[in-house]
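Scroll down for the structure; my scribbles are underneath it.
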Amino acid sequence: MIRLIIALFLLCKPVHAAQEQVVLGLSQDRVSITADFDGSEILIFGAVKREAPIPDGPPLEVIVSVVGPSEPVTVRRKERRFGIWVNTDSILVDLAPSFYAVATSAPFSQVLTNTEDLRHRVSIGRAIRSVGADMNVEGAQNFAEAVIRIRENEGLYSIRENTVAVDEQTLFRTSIDMPADLTEGDYLARIFLTRGGQVVSQFETTIDVRKVGLERFLYNMSRQQPVWYGLMSLVIAISAGWGASTAFRLLREK
Amino acid sequence: MQIYLPIAEVSVNAFLLLGLGGMVGVLSGMFGVGGGFLMTPLLFFIGIPPAVAVATEANQIVASSFSGVLAHFRRRTVDFKMGTVLLLGGLTGAALGVVIFNYLKSLGQVDLLVTLCYVVFLGIIGSLMFIESINALRKTKKGTTPVKRRQRGWVHALPFKMRFRTSGLYISVIPPIIVGVIVGVLSAIMGVGGGFIMVPAMIYLLGMPTKVVVGTSLFQIIFVTAFTTMLHATTNYTVDVVLAVLLLVGGVIGAQVGTVIGARMPAEQLRVLLAALVLLVCGKLALDLLLQPAELYSIGEAGGH
């Protein structure tokens, strides 16, 4: 019995010792999608603040994840009908993040246990699976996996093991590449400190991804004043067509 | 130089778009075709979402048709009355087309519909053009010129006759309206002007004189594609004006270059090349439908189920 209590005490110890906090720095806390935007790299760095000396035991590991805004998506599956491949059935995945990147300081299985992954929904599979695709539909899991596979291929989802550098269990830094095809919104950056697979501290901050300038103006206009946007497109098209033909006629007459 | 398209939400190389616009422009200048039927599939190939490609291409066609029709205005080769009748059909057709487009979009079948339309029409047009140009090549060798015939038959037996002075016709308004509707539907679904259907229909079906055909079809195309652009802009929000402008700039310059080249080169041989190009694009699209895709799943916007 006493042994059990000691064992429990030992198990709880990391939690008691959780006097380690993240002090975070970001190279940028907003990403501006401009006309010549072709991706961005965000440097995420920080230090571990602690009152006590570095605890013994397994070394400190760091996980950094960046999650884009989630939105419902329809996933469709193709089947061969009448000799051609057509979309036959579809499933609505309630929430799938538009972007998901995880960087870790060691192989994923070492930095986080399954239980902790389940609790904090860190790995890509958990982030998608935890949101409710209708599991009554046959093969719903295949659809959720397809979302991950497609977005991994597009570079939107990624897990990068061993890409967080940790110095002296105190300083850490990593960089997250964001592709050109980003959706707008608030991106959530989460930093977990783990020891022996258990989360000892976590920290969250947001990165603002926004279209700016002309991109912003055109996008807003197309959604809020579609009639004026359509008319503007036509006026631009017609004046460009007229301008070009006049210009070339003048050139030829000279 | 990468450029981020605000509506398509993809980043593409601006010079690639200018180049595509220019290339299709050269072809349209050389052969007097609109080029929409080549541009839209090319946009699919470079990764523009089909819905955006179709809507934006409609916008671009407004511009190229407008610059084309000005020359015909000056030469007085536009039959406004016939154009207006075709236009009435065209507007109805475009509205119908957008309804079909949006319905299939909600079913997730819009890509299939657009691709199928392209395979069918590019296949037909490409083959016809190929055969015709081969025949023309043979005839020029023999030294005879092709004779144009005007068919007069059931078209002239229909009611609601109307006099079209510029074309010198007295025919029923039903055939032109039907032609207009068909072209309008295709314009909305495929993002094309539809000249490739309308011009043969006007010559062979309606019996219009060849000199007013191109001007009149351009006149109709401007308004139908403008209407299509507005419908797509207000219902789907898929008109990307940045994409349209880039294609336009390449297109209008290319068209002028193409006109000069076309005037100097032997037309028949070029026509064979164009036919081959059309068949090539058709073949690529057909293969996409026939071969098992590498990825069976696709992600679409939610909303429709």
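Heads up: the protein sequence lines correspond to chains A and B, in order. The first sequence begins at 1 in the numbering used here and counts up one residue at a time. The second sequence begins at 255 in the numbering used here and counts up one residue at a time. Heads up, the beta-carbon is just placed ideally off N, CA and C, and yes, glycines get one too.
Do residue i and residue j have their C-beta atoms within less than 8 Å of each other?
i: threonine 492 of chain B; j: histidine 486 of chain B; result: yes
i: valine 308 of chain B; j: valine 368 of chain B; result: yes
i: valine 323 of chain B; j: isoleucine 507 of chain B; result: no
i: alanine 251 of chain B; j: proline 295 of chain B; result: This structure does not reach residue 251 of chain B, given that chain B is present from 255 up to 559, and the question cannot be answered.
i: leucine 497 of chain B; j: threonine 310 of chain B; result: yes
i: phenylalanine 192 of chain A; j: isoleucine 63 of chain A; result: yes
i: serine 471 of chain B; j: alanine 312 of chain B; result: no
i: valine 427 of chain B; j: valine 514 of chain B; result: no
i: tyrosine 229 of chain A; j: glycine 68 of chain A; result: no
i: methionine 293 of chain B; j: valine 278 of chain B; result: yes
i: valine 532 of chain B; j: methionine 232 of chain A; result: no
i: valine 305 of chain A; j: isoleucine 54 of chain A; result: Only positions 1 to 254 of chain A appear in the structure, and residue 305 of chain A is not among them; the question remains open.
i: histidine 326 of chain B; j: glycine 512 of chain B; result: no
i: alanine 189 of chain A; j: phenylalanine 37 of chain A; result: no
Alpha carbon to alpha carbon, what distance is there between residue j and residue i?
i: leucine 539 of chain B; j: phenylalanine 418 of chain B; result: 41 Å
i: glutamine 546 of chain B; j: tryptophan 85 of chain A; result: 7 Å
i: glutamate 215 of chain A; j: phenylalanine 45 of chain A; result: 30 Å
i: isoleucine 379 of chain B; j: phenylalanine 355 of chain B; result: 23 Å
i: valine 433 of chain B; j: glycine 273 of chain B; result: 33 Å
i: valine 435 of chain B; j: alanine 237 of chain A; result: 24 Å
i: alanine 101 of chain A; j: valine 266 of chain B; result: 23 Å
i: threonine 398 of chain B; j: phenylalanine 217 of chain A; result: Its pLDDT being 49, under 50, threonine 398 of chain B is placed unreliably in this model, and the coordinates cannot settle the point.
i: glycine 301 of chain B; j: lysine 49 of chain A; result: 47 Å
i: glutamate 152 of chain A; j: glycine 39 of chain A; result: 16 Å
i: glycine 422 of chain B; j: methionine 462 of chain B; result: 8 Å
i: glycine 241 of chain A; j: glutamate 184 of chain A; result: 33 Å
i: leucine 342 of chain B; j: leucine 358 of chain B; result: 25 Å
i: leucine 370 of chain B; j: tyrosine 258 of chain B; result: 29 Å
i: glycine 362 of chain B; j: asparagine 87 of chain A; result: 7 Å
i: phenylalanine 384 of chain B; j: valine 437 of chain B; result: 22 Å
i: glycine 283 of chain B; j: glycine 505 of chain B; result: 9 Å
i: glutamate 220 of chain A; j: phenylalanine 334 of chain B; result: Here residue 220 of chain A turns out to be asparagine, not glutamate, going by the sequence shown. C-alpha separation (whole angstroms): 38 Å.
i: isoleucine 91 of chain A; j: tyrosine 157 of chain A; result: 20 Å
i: glutamine 224 of chain A; j: isoleucine 457 of chain B; result: 44 Å
i: isoleucine 388 of chain B; j: valine 526 of chain B; result: 7 Å
i: leucine 118 of chain A; j: alanine 165 of chain A; result: 25 Å
i: glycine 276 of chain B; j: leucine 500 of chain B; result: 10 Å
i: arginine 77 of chain A; j: proline 97 of chain A; result: 20 Å
i: proline 260 of chain B; j: serine 222 of chain A; result: 10 Å
Along the alpha helix (DSSP H) that carries residue i, what are the first and last residues, could you check?
i: aspartate 117 of chain A; result: 114-120
i: isoleucine 42 of chain A; result: Segment 40-50 is the beta strand (DSSP E) holding isoleucine 42 of chain A; no alpha helix (DSSP H) there.
i: proline 463 of chain B; result: No alpha helix (DSSP H) contains proline 463 of chain B, which DSSP labels as neither H nor E.
i: glycine 337 of chain B; result: 334-361
i: arginine 518 of chain B; result: 495-518
i: isoleucine 236 of chain A; result: 226-253
i: isoleucine 451 of chain B; result: 449-454
If you run the structure through DSSP and keep just helix, strand and coil, what is residue i?
i: methionine 416 of chain B; result: strand
i: glycine 290 of chain B; result: helix
i: threonine 489 of chain B; result: helix
i: isoleucine 159 of chain A; result: strand
i: threonine 310 of chain B; result: helix
i: phenylalanine 82 of chain A; result: coil
i: aspartate 181 of chain A; result: coil
i: valine 23 of chain A; result: strand
i: leucine 218 of chain A; result: helix
i: proline 72 of chain A; result: strand
i: phenylalanine 37 of chain A; result: coil
i: arginine 329 of chain B; result: coil
i: glutamine 474 of chain B; result: helix
i: aspartate 94 of chain A; result: strand
i: proline 123 of chain A; result: It is serine, not proline, that sits at residue 123 of chain A in the sequence shown. Three-state DSSP puts serine 123 of chain A in coil, outside helix and strand.
Counting only Cβ pairs nearer than 7 Å, list the residues of chain E close to residue i.
i: valine 22 of chain A; result: Reference to chain E is not applicable here, since the protein chains of this structure are A and B.
From the DSSP output, which residues share a beta bridge with residue i?
i: serine 32 of chain A; result: A/Arg210
i: serine 175 of chain A; result: A/Leu43
i: asparagine 261 of chain A; result: Not covered by the structure: residue 261 of chain A. The range shown for chain A is 1 to 254.
i: isoleucine 150 of chain A; result: None; isoleucine 150 of chain A has no bridge partner.
i: phenylalanine 203 of chain A; result: A/Ile191
i: glutamine 198 of chain A; result: A/Arg195
Where do the ends of the beta strand (DSSP E) carrying residue i lie?
i: serine 426 of chain B; result: 423-426
i: alanine 103 of chain A; result: 100-104
i: glutamine 256 of chain B; result: 256-259
i: valine 111 of chain A; result: Run containing valine 111 of chain A: none in the beta strand (DSSP E); it sits in the alpha helix (DSSP H), 108-111.
i: valine 266 of chain B; result: 264-267
i: isoleucine 63 of chain A; result: 60-67
i: valine 166 of chain A; result: 165-167
Quick one: does the C-beta of residue i sit closer than 7 Å to a heavy atom of the ligand SAM?
i: alanine 325 of chain B; result: The ligand SAM is absent from the structure shown, which contains no ligand whatsoever.
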